[in-house]
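Each remark here refers to the structure printed beneath this line.
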Amino acid sequence: MRLLPVIALLAACEPPERAPCAVDSDPLLELTPSGVPFGTFVDGDEAYYGPPPQGGAPYSPVDLRVSGLEDMDKGVLIELSAVDVDSGEDLGSLSYPTRLVCANVGDSAGNWLANDVHHRFYGWELDELPGRLMALTVAVTDQTDQRLETSFEAVLVQMD
Amino acid sequence: MRSLALATALVLMPTAEALACGGFFCNREFPIDQAGEEVVFGVDDKLGTVTTHVSIAYQGASEDFAWIVPVSEQPSLFASSDALFSALRSRTEPRFSLQYDYAGECNWDILYDDESALDPQADNDGVTGGVSVVAEEQVGPYDTVILQATSSAELLTWLNGAGYDLPNTLDSVLAPYVADGQYFVALKLSAGQDTGDLVPLGMTYRASAASVPIQLTSVAATPDMPLTVYVLGEHRAVPDNYLHVRINEAAIDWFSGGSNYRDVISQAADEAGGHGFATDFSGPTSQLVGAVLPTGYSRANLDGAADPFEWIETLMGLGLPPSAALLGVLEEAIPFPQALADQGLTPQNFYDCLRCYTEYVDTTTWDATAATDILEQDLIQGMRDAQALLDAYPRLTRMTSSLDAQEMTVDPMFVFNPDIGQDVPNQRYATLRWDCTNGEDWSRATRTLILSDGREIQLPSLEDTWASGGTEFDAMEDGGLTDPAAIVIEDLGVSGDGDMMFDYRDQAAEDAANFGQEGVGCGCNTAPGLGGGLLLGLLPLVLRRRD
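Residue numbers (my numbering), protein chains in the order written: chain A, 3 to 162; chain B, 20 to 566.
Following this line, the structure appears as structure tokens:
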């Protein structure tokens, strides 16, 4: 009668696997101003910017979503660069390595998400930016040097 | 090369202070891991200021000590107190306790009939150009300078020219802070000071949120370096640009008092892309009244001490935490006799039992007021200030993460969120229920681990656990219950419940329900060296015990 648990002890144990992000679609990088649902932003819409709470150059938060690639949790390089569409002025650029998270809930379930990506307007003051039409380009490069790039154009509006 | 001894911004080398145990310098609290970074923030929304206290730990020669931290606005500097950190550690360190619940009447006779049954070992033997000087001043033991620069290379050249002797690798790490127009606070020890004089540094500056300049830390970070952040303010603090992780309680080894908590945090942060914080504690600071400076402290009692013995005993009675600063006070007030040092005794031995060395204590020149002055100046005032800091804010949040150097690419920032649950206790409980409804021997009873989220995990009996050569936690680990370490990964902000990115709760509940069922999460031990052969060998033993 007590044999069953012992036999169970001998059985092979396979820890349950976490559902991976789907790789059965073409690679896609999506970009949207933070708080704007993916797929709803239209070029020419507004994007907010403001002073980062910790101080320093103004920033604009954006959300990134990647699908169709695997192993994004092993590390990617995120690059952001912005220009003023009308004047051609450089509105700052930055890059940093990070890892993405495979979402399993919400509208982004099955996609890789980057958390709170902040474009920084290095060299610019808050009052120099409102009303400018910014072209923001974002690229994500994975460990195999596969690079995805996308961009949007948005009118900068200072957040309250 | 001096650069190896560099202590950059917030870089804290592991320092397990070796203090004798048995008296004044015995750790009277729970053992606490002091390795890693610790920062305390007080965020004053009304004034628009942030006050930061940074614990500075350093091992190396005094003349090599150098410390640099970028700050968004010009700060005012002050010496802080170790007592602040030790008080916050002891009051907010997560603790994991297993409560026991017995269903039915367990037969405990075997405890007395066969004492070896209590000893798992009986069956289980196998078993770390443009640099401007904005201000210069002496702060506590430090010579400080506040700088601004237009290029990181020039900043580095300036610092090296001023004797900081920093590695060139710092250039690229400083660059984003220079580009951001930040100020740089640089410290060296003042002449005559040594590393034993190091105290936390305090800074107050204009800002609306707390942020840790972690990128600079990457220069000298240790692998999986713990980062603990305390935020004082109006509401519960949350990571703003890092993810928030909720720990999978099944990943905690409840049977060892949560000794693997740091590992769980490390894994959970990794699951959040290397940028995640867990909340260790959030609660009102009313719980911290007297946490740093005991409410019973009164210098009048000390001033009235007739001799050094009475003075030190009065001091002991106040419950001050042992610290290097306290030891320094004692050494100044009641000098440690060279004769005892020659005998191999330590100052801690001496002060822990002053009356044991009566003949070595000079009472003829005793001045209680002078001794208390030293105490007040070198210790109590700092504690008073630290206590005032805690008292000035209604709520404290403690958050923990773990980062490798390559993950230190984004400075974590913290904001307040009044909408989510505000209280997170640091004391966590699970219940272990023993089912002896049929009068089983305790070692054969079915046991169920009940977690706070309601999951019930049926564990092997003690006998089966011993037979497996592993532990209850091993069984849960092999059954996949301890993975993932983060049961929820969420993006929190200044309001609302945030956005959930990963939620494993339903699956975890299902895993828990299935655990212990035949062929699922079977509690076997698959550790190398403990294969089926060993388990088969133990089978007759298990069966024999059933007889």
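Virtual Cβ for every residue (Gly too), placed ideally from N, Cα, C.
Proximal chain A residues relative to B/Tyr261, where beta-carbon distance stays under 9 angstroms: Asn117 and Asp118
Cβ distance (whole Å) where A/Leu2 is taken to contact A/Leu96 below 8 angstroms: What is shown of chain A runs 3 to 162, which leaves residue 2 of chain A out entirely.
Assigned exposure category for B/Pro242 - 16 Cβ within 10 Å defines buried: exposed
Ranges of the beta strand (DSSP E) found wholly within the segment 470-514 of chain B, counting only runs of at least 3: 475-478 and 505-510
Local conformation of B/Cys375 per DSSP, three classes: helix
Runs of alpha helix (DSSP H) wholly within the segment 179-229 of chain B (minimum 4 residues, chain order): 189-198
Cβ neighbours of B/Pro327 in the same chain (closer than 7 angstroms, five flanking residues each side left out): Ile353, Leu373, Val380, Thr382 and Trp385
Same chain, Cβ closer than 6 angstroms to B/Glu509, neighbours up to 5 away in sequence not counted: His263, Gly517 and Met519
Completely contained alpha helix (DSSP H) runs for the segment 357-408 of chain B, where each covers 4 or more residues: 357-361, 366-371 and 387-394
B/Asn544 versus B/Gln477 - alpha carbon distance: Low per-residue confidence applies at B/Asn544: pLDDT is 35, beneath 50, and the placement is therefore not dependable enough to give any value.
Residue-chain proximity (B/Met519, chain A), Cβ-Cβ < 8 angstroms: yes
Of the listed residues A/Gly37, A/Pro29, A/Leu30 and A/Ala49, nearest to B/Gly512 (C-alpha basis): A/Gly37
Chain-ordered chain B contacts of A/Tyr124 [CB-CB under 8 angstroms]: Ala198 and Asp199
Exposure of B/Tyr119, with buried meaning 16 or more beta-carbon neighbours within 10 Å: exposed
Contact the segment 57-69 of chain B vs the segment 176-193 of chain B: 3+ CB pairs below 8 angstroms: no
Cβ-based neighbour list, A/Met32, same chain, cut-off 6 angstroms, excluding 5 preceding and 5 following: The sequence given here has Glu at residue 32 of chain A, not Met. So the qualifying residues of the chain are Phe40 and Arg67.
Three-state secondary structure assigned by DSSP to B/Ser91: coil
B/Leu66 burial status per 10 Å Cβ neighbour count (16 or more: buried): exposed
8 angstroms Cβ cutoff, B/Val88 in contact with chain E: Checking the listed chains, one finds no chain E in this structure; the protein chains it contains are A and B.
Reduced DSSP category for B/Asn126 - H, G, I as helix; E, B as strand; rest coil: strand
Proximity to B/Ala464 [Cα-Cα], best of B/Gly473, B/Arg474, B/Ser471 and B/Arg452: B/Arg452
Chain A contact for B/Asp190 (CB, 8 angstroms cutoff): no
Chain A contact residues for B/Met495, given Cβ-Cβ distances below 7 angstroms: Here the premise fails: no neighbours, minimum Cβ distance about 10 angstroms.
Environment of B/Leu217 [buried if 16+ CB atoms lie within 10 Å]: buried
Partners in chain B for A/Pro55, counting only beta-carbon separations shorter than 8 angstroms: Ala226, Ser227, Ala228, Ser230, Asp259, Met432 and Val434
Members of the segment 65-88 of chain A near chain B, C-beta cut-off 7 angstroms: Asp75
As assigned by DSSP and simplified to three states, the class of A/Ser89: coil
Min CB distance A/Leu135 to chain B below 8 angstroms: no
8 angstroms CB neighbourhood of B/Gly292 in its chain, flanking five on each side removed: Leu262
As assigned by DSSP and simplified to three states, the class of A/Pro63: strand
B/Asn267 burial status per 10 Å Cβ neighbour count (16 or more: buried): buried
Below-8 angstroms beta-carbon distance, A/Val142 vs any chain B residue: no
Environment of B/Leu349 [buried if 16+ CB atoms lie within 10 Å]: buried
Interface positions of the segment 86-108 of chain A facing chain B (Cβ-Cβ less than 8 angstroms), listed along the chain: Leu96, Tyr98, Pro99, Thr100, Arg101, Leu102, Val103, Cys104, Ala105, Asn106, Val107 and Gly108
Of the residues B/Val443, B/Gln536 and B/Phe492, the one placed nearest B/Glu112, counting alpha carbons only: B/Val443
The beta strand (DSSP E) enclosing B/Arg463, as first and last residue numbers: Neither: B/Arg463 is in no beta strand (DSSP E) and is coded neither H nor E.
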